[in-house]
Structure formats: structure tokens, C-alpha cells
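**Q**
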Amino acid sequence: MPKLSIVIPAYNEEKRISKTLDEYCKFFNKIYKDNFEIRIILNGCKDNTLDVVRNTAKMYKQIKYTDIKEAIGKGGSVIEGFKQAEGELIGFVDADNSTKAEYFYDLVKNINEYDCAIASRWIEGAKVNPPQPLKRRIASRTFNALVRILFNINVYDSQCGAKLFKKQAIKEIIPSLGITRWAFDVDLLYQLKKRKRTILEIPTIWSDTLGSNLDIKKASKEMFLAIARLRLIYSPFKFIVKIYDKLT
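Per this note's numbering, the sequence shown starts with residue 2, numbered consecutively.
1. For Ile174, I'd like the list of residues in its chain whose CB is within less than 6 Å of its CB, leaving aside the five on either flank, ordered along the chain.
2. Can you tell me where the alpha helix (DSSP H) holding Asp188 begins and where it ends?
3. Within 10 angstroms of its Cβ, does Ser236 collect 16 or more other Cβ (buried), or is it exposed?
4. Please state whether DSSP places Leu233 in a helix, a strand or coil.
5. Here's the rule I'm using: 16 or more other beta-carbon atoms within 10 Å means buried, otherwise exposed. How should Asp246 be labelled?
6. List the endpoints of the continuous alpha helix (DSSP H) containing Val53.
7. Taking DSSP as the reference, what is the three-state secondary structure of Gly92?
8. Looking only at its chain, what residues have a beta carbon closer than 8 Å to the beta carbon of Ala11, apart from the 5 residues adjacent to it on each side?
9. For Tyr12, name the three-state secondary structure that DSSP assigns.
10. Going by beta carbon distance, what residues of the same chain come within less than 6 Å of Thr57, once the five residues before and after it are set aside?
11. DSSP state of Pro176, grouped into three classes?
12. Just curious, the alpha helix (DSSP H) that Ala163 is in, first and last residue?
13. Given that a residue counts as buried once 16 or more other Cβ atoms are within 10 Å of its Cβ, and exposed if not, what is Asn145?
14. When DSSP builds the beta bridges, which residues end up paired with Ser78?
15. Compute the Euclidean distance between the alpha carbons of Ser221 and Cys161, then round it to the nearest angstrom.
16. Going by alpha carbons, who is nearest to Asn36 out of Glu15, Asp52, Glu89, Glu71?
17. Please determine, among Ala184, Glu15, Tyr61, Asp52, the residue with the shortest C-alpha to C-alpha distance to Phe28.
18. Taking the Cβ atom as the reference point for each residue, do Leu201 and Ala118 lie within a distance shorter than 7 Å?
19. Ser208 lies in the beta strand (DSSP E); which residues open and close that run?
20. Looking at the strands, I want to know which residues DSSP matches up with Ser6.
21. I need the straight-line Cα distance from Gln92 to Ile244, nearest angstrom please.
22. So, with DSSP's three-state summary, where would you put Thr199?
23. Using a 10 Å radius around the Cβ and a threshold of 16 neighbouring Cβ atoms, would you call Ile241 buried or exposed?
24. Would you mind giving the Cβ-Cβ distance between Glu38 and Glu87, rounded to the nearest angstrom? I have them listed as a contact below 8 Å.
25. Could you give the first and the last residue of the continuous beta strand (DSSP E) run that contains Ser121?
26. Taking only three categories from DSSP, how would you classify Lys65?
27. Which residue from Thr210, Pro3, Cys26 puts its Cα closest to that of Asn130?
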């Protein structure tokens, strides 16, 4: 059984991360025992997340953590986790336990000959509990439709926070990944596609959790701007981005 590395980016997650770590460690201990690791990358936390992680790590030797004082965003945290990961299978998942351990394991069981397996909330067989508000569903579907059109990536949920990769595939693209907040997952999948790596999308059970400070209106605007910027970067018009960056 190949060693599994799970990266968890964490920003101010003192109220939610302990339960996630406890459930993931208990679940994967039954299957992998010592043949897995969970790497938490703390990203400029201003709350008590470090102490919570430190105390939980005393209970489970598979937990390893890095406290980065400067905020580098989710993408930067995931990239750092990728660099540190020692497993033959390397994935990441959100700290809020929206994807339960058993459903992350669905990616492990099904990756097989694929280079990447991603969880999806928007394909047949998936369930979201409780159902998201209509505005959020519309924004998500619209965003993913634009991703498919602009980047020719045949996935229906680029943003679901549970993804798994073969080590060779992910290590190959790390130097090409940029630290972009909302476009990170799209960039990740696009880099795999450019190298003709195979991607499997798997329906998941996703549980919305309390404690998120996400401003949907603001986030939607930033998401659309982020993928537009990324599309320009990978086009003959990337000079527009360079000019804009110099002026701002």
C-alpha cells in the first residue's frame, strides 16, 4: 500500500481543525497505521490554531505541522505542503471537515491508473448537506462553466477542497504553480492538463460547516477576476497582466 500524505492548509481554524484531525487520524489509522501522514501548514494564523494543532499532534504521531507567520494564502500553504510531503499519494483537504475522512478515502480507492482524483459536488451521485443557498449554487455553477470554457478542463467542480495526486504528477508541476487565491485550484488542474495528466472526478458527500467567514458577493467577484487574470497569463496577452501589476 503506497504511503499517503494529506496536506491541510489552516488559517484561523482553532474552532474546527481539532475535530477534523481527530476524525482523519482515527479513520486512516485503521487502514494505513503508520503509513500515512497529515501535514498542517498554518498560514499566518492570528488565533489559537497553533496550540490546538500542537496539542492534537501529541496524540497522533502521524501529524506534522509547519507554522508560517506570514500569510501566504491557501494556495501557498498547499504548495508548501506538497514540497514537504513524503507519500506516493499526495492530497489536500480543507481544515473544516466539509469532506469527511471516508469520502476523502473514496479518492484513494479510485485513483488507480489516473494521475489525479478530485471530489465533486456537482456531478451525478454527489450530495451537499445542507443544500447551499441558490445564489451560491448559481455562482459556483457559473464559475465552473467558465473554467471549462476558458481552460478546456473537463471538470464540473474545480473548487471542491479535496484532491489527490500521484507523487510524480504533483512534484512535476510544483515549479509552475503560482500563489493565486481563488485561481489556485484551476491553475493546478490546468498544469496537469498541459502535461496530459489524467484527471478523475468523483461524486462526494459534502457537509457545509459552521464558522466560515466567506462573503459570497465579494468572493464571487474575486473568483471571476482571478480566472480572467490566469487566462491572460496563459495567453499571448500576458503582457497586460505585467503592465497592470506594475501600475498597482
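Using N, Cα and C, we set each Cβ at its ideal position, and we do this for glycine too.
**A** Looking at the coordinates:
1. For the purposes of this step, residue 174 is identified with residue 173 of the sequence shown, where counting begins at 1. Only Gln192 meet the Cβ criterion.
2. Numbered from its first residue, the sequence shown carries residue 188 at position 187. Looking at the DSSP string, the run of the alpha helix (DSSP H) that includes Asp188 is 185 to 195.
3. By 1-based counting over the sequence shown, the position of residue 236 is 235. Per the 10 Å Cβ criterion, exposed.
4. Looking up residue 233 in the sequence shown gives position 232. In the three-state scheme derived from DSSP, where H, G and I count as helix and E and B as strand, Leu233 is classed as helix.
5. Counted from its first residue, the sequence shown places residue 246 at position 245. Exposed, because fewer than 16 other Cβ atoms sit within 10 Å of the Cβ of Asp246.
6. By one-based count along the sequence shown, residue 53 stands at place 52. Note, Val53: alpha helix (DSSP H), 50 to 58.
7. Numbered from 1 along the sequence shown, position 91 holds the residue referred to as residue 92. Here Gly92 sits in strand by DSSP.
8. Here residue 11 refers to the residue found at position 10 when the sequence shown is read from its first residue. The residues are Ile18, Ile41, Ile42, Leu43, Asn44, Cys46, Thr50, Val54, Ser78, Ala96.
9. As a first step, residue 12 is located in the sequence shown; it is residue number 11 there, counting from the start. Looking at Tyr12 - three-state DSSP - the assignment turns out to be coil, as it is neither helix nor strand.
10. The residue given as residue 57 occupies position 56 in the sequence shown. Here the set comprises Ser19, Leu22.
11. Position 175 of the sequence shown, counted from the first residue, corresponds to residue 176. Look at Pro176 here: in three-state DSSP terms it is helix.
12. Taking the first residue of the sequence shown as 1, we reach residue 163 at position 162. No alpha helix (DSSP H) contains Ala163, which is instead part of the beta strand (DSSP E) from 163 to 167.
13. For the purposes of this step, residue 145 is identified with residue 144 of the sequence shown, where counting begins at 1. Classification of Asn145: buried, given that the 10 Å Cβ count is 16 or more.
14. Reading the sequence shown from its first residue, position 77 is the one you call residue 78. Bridge partners of Ser78: none, in fact.
15. Here the question's residue 221 lines up with position 220 in the sequence shown. Here the question's residue 161 lines up with position 160 in the sequence shown. Rounded to whole angstroms, Ser221 to Cys161 spans 15 Å at the Cα level.
16. Along the sequence shown, one-based indexing puts residue 36 at 35. Considering only alpha carbons, the answer is Glu89.
17. The count along the sequence shown starts at 1 and reaches residue 28 at position 27. The residue with the shortest Cα to Cα distance from Phe28 is Tyr61.
18. Translated into the one-based positions of the sequence shown, residue 201 becomes position 200. Translated into the one-based positions of the sequence shown, residue 118 becomes position 117. Yes, Cβ-Cβ distance for Leu201 and Ala118 is below 7 Å.
19. Here residue 208 refers to the residue found at position 207 when the sequence shown is read from its first residue. Per DSSP, Ser208 is one residue of the beta strand (DSSP E) stretching across 206 to 208.
20. What you label residue 6 is simply residue 5 of the sequence shown in a count that begins at 1. Bridge partners of Ser6: Glu38, Ile91.
21. Numbered from its first residue, the sequence shown carries residue 92 at position 91. Numbered from its first residue, the sequence shown carries residue 244 at position 243. The sequence as given places Gly at residue 92; Gln does not occur at that position. Gly92 and Ile244: Cα-Cα distance of roughly 35 Å.
22. The count along the sequence shown starts at 1 and reaches residue 199 at position 198. Coil at Thr199, not helix or strand.
23. Locating residue 241 in the sequence shown gives position 240, counting from the first residue. The residue in question, Ile241, is exposed, as its Cβ has fewer than 16 Cβ neighbours within 10 Å.
24. Taking the first residue of the sequence shown as position 1, residue 38 is located at position 37. Taking the first residue of the sequence shown as position 1, residue 87 is located at position 86. Confirmed, about 6 Å.
25. Locating residue 121 in the sequence shown gives position 120, counting from the first residue. Element bounds for Ser121: 117 to 121.
26. On the sequence shown, residue 65 is found 64 positions in, with the first residue counted as 1. Lys65 falls in the strand class under three-state DSSP.
27. Taking the sequence shown and counting its residues from 1, one reaches residue 130 at position 129. Nearest to Asn130 by alpha-carbon distance, out of Thr210, Pro3, Cys26, is Thr210.
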